[in-house]
Every structure is written in structure tokens, then in C-alpha cells.
Amino acid sequence: MDCIFCKIVAGELPAAKVYEDKRFLAFLDINPINKGHVLVIPKEHHEALTNTPVDILKDLIAIVKTLAPAVVSGAGGAGFNLGVNNGKVAGQLVDHVHFHIIPRLDNDNLHPWPGKQYAEGEKESYAQRILKSLES
Ligand code: 5GP
Ligand code: ZN
Numbered sequence: 028m029d030c031i032f033c034k035i036v037a038g039e040l041p042a043a044k045v046y047e048d049k050r051f052l053a054f055l056d057i058n059p060i061n062k063g064h065v066l067v068i069p070k071e072h073h074e075a076l077t078n079t080p081v082d083i084l085k086d087l088i089a090i091v092k093t094l095a096p097a098v099v100s101g102a103g104g105a106g107f108n109l110g111v112n113n114g115k116v117a118g119q120l121v122d123h124v125h126f127h128i129i130p131r132l133d134n135d136n137l138h139p140w141p142g143k144q145y146a147e148g149e150k151e152s153y154a155q156r157i158l159k160s161l162e163s
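Residues in the sequence shown are numbered from 28 upward in steps of one, following the numbering used here.
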């Protein structure tokens, strides 16, 4: 399997591990947004969040909940961002589902995404489109 994260799981590539059990692994991102940035993955290969079984995601989020405060504390931070990039257009570079835990420091100067404005009636139209997609 030509997947970097599967290779880390298999021990074929090194990683700075911070959590491991039979089904999950967490390790430092090689190119951190802030130092201490952690990736949490299921050992089983699934391409993206949207095709990962819910039972795996439930256990993954439980690990994130336990791990995130330790990441924040270890990084000397004050909070964290939890991120999932789903699909190429969203910036997903590694096609093995993973959650980013990004520790946030006071005055770390990482600005959130800029917000857009809805035109008159547009909000309702987007809500309808999403509701329709859910039904189909
Ligand atoms: P994505 O953009 O797919 O959500 O995030 C992939 C993340 O994996 C990136 O933040 C990138 O820095 C990290 N990454 C890519 N290759 C490696 C690697 O070989 N080792 C580790 N530890 N992280 C990696
Ligand atoms: Zn994989």
C-alpha cells in the first residue's frame, strides 16, 4: 500500500508517537502549524472522513478528547483547533483519514478564515439545497 500513514503504522517510516493502542495512533505532524501539532489516525486505512465507518470515528473522537488537553499542555498552549481536511479541494494531502489537533498559543498570529456575506434570500436557498441533498 502506497500510503505514508500506513507505512508509519507498519513501522516502515519513523514518527514521534504520542499515543498508540490496537486500533489508533497519534504522532507529531512533520510540518506543524504550531509545535506540538498532532495527527490522530485509525490504523485501518480509510481514505477520508466521509468513507470511514462511524464506529471508528466515534472511538477516534474519544481519543481526541483525551489527547487534546495533553497536546495543549505539552505545547504550552491555551486552546486548540481540531481539523479534518476532506478531499483535495479542502487541502487533504494524505488520503488516510486523520484529525489534526493544533495547539493554540496566546498571540500565535494564526488568523481564522475570513467570513463571507450572504445576499438577500441566499441563506435560505443554501439551507434548502443542503436539506434536499440530505433527503436524496
Ligand atoms: P492533510 O493536508 O492531508 O490534512 O494533512 C496531512 C498532514 O500530514 C500535513 O500536515 C503534513 O505535514 C503531514 N505529513 C505528511 N507527511 C508526513 C510524514 O511523513 N510524517 C508526518 N509525521 N507527518 C506528515
Ligand atoms: Zn493508509
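A virtual CB, placed ideally from N, CA and C, is assigned to each residue, including glycine.
Where does L158 fall in DSSP's three states?
Here residue 158 is taken as the residue at index 131 of the sequence shown, counted from 1. L158: helix per DSSP, three-state reduction.
In angstroms with no decimal places, state the Cα-to-Cα distance between R131 and N58.
Indexing the sequence shown from 1 puts residue 131 at position 104. Indexing the sequence shown from 1 puts residue 58 at position 31. So the two alpha carbons sit approximately 15 Å from each other.
Of all Cβ atoms in chain C, is any one closer than 8 Å to the Cβ of V81?
The question asks about chain C, but that chain is absent: this structure has only one protein chain.
Assuming contact is defined by CB atoms lying nearer than 8 Å, are L55 and V67 in contact in what I supplied?
Translated into positions along the sequence shown, residue 55 becomes position 28. Translated into positions along the sequence shown, residue 67 becomes position 40. For L55 and V67, no; Cβs fall outside 8 Å.
For P69, count neighbouring C-beta atoms within 10 Å of its own C-beta (all shown protein chains included) and say buried if the count is 16 or more, exposed if not.
If you number the sequence shown from 1, residue 69 lands on position 42. Result: buried.
With hydrogens ignored, establish whether the beta-carbon of G118 is closer than 7 Å to any heavy atom of ligand 1.
Your numbering for residue 118 matches position 91 in the sequence shown. Under cutoff, so the answer is yes.
Is the CB-CB distance between V124 and T79 below 8 Å?
For this step, residue 124 is matched to residue 97 along the sequence shown. For this step, residue 79 is matched to residue 52 along the sequence shown. Their beta carbons are under 8 Å apart, which means V124 touches T79 by this criterion.
At least 3 beta-carbon pairs within less than 8 Å: the segment 91-108 vs the segment 144-160
no
What distance in whole Å lies between the Cβ atoms of N113 and L76, which are believed to be in contact at a cut-off of 8 Å?
Reading the sequence shown from its first residue, position 49 is the one you call residue 76. Reading the sequence shown from its first residue, position 86 is the one you call residue 113. Between N113 and L76 the Cβ distance is about 5 Å, and since that is below 8 Å, they are a contact.
Going residue by residue through the segment 35-69, where are the continuous beta strand (DSSP E) segments of at least 3 residues, counting only ones entirely within it?
44-47, 51-55, 65-69
Helix, strand or coil for L137, going by three-state DSSP, please let me know.
Locating residue 137 in the sequence shown gives position 110, counting from the first residue. DSSP places L137 in coil when its eight states are reduced to three.
Tell me whether V116 is buried or exposed, calling it buried when 16 or more other Cβ atoms sit within 10 Å of its Cβ.
One-based indexing of the sequence shown puts residue 116 at position 89. Label assigned to V116: exposed.
Identify the residues that DSSP records as bridge partners of N113: which are they?
In the sequence shown, the residue the question calls residue 113 occupies position 86. Answer is none; N113 lacks a bridge partner.
Buried or exposed: which applies to G148, given that a residue is buried once 16 or more other Cβ atoms fall within 10 Å of its Cβ?
Here residue 148 corresponds to residue number 121 of the sequence shown, with the count starting at 1. With fewer than 16 Cβ atoms within 10 Å of its Cβ, G148 is classed as exposed.
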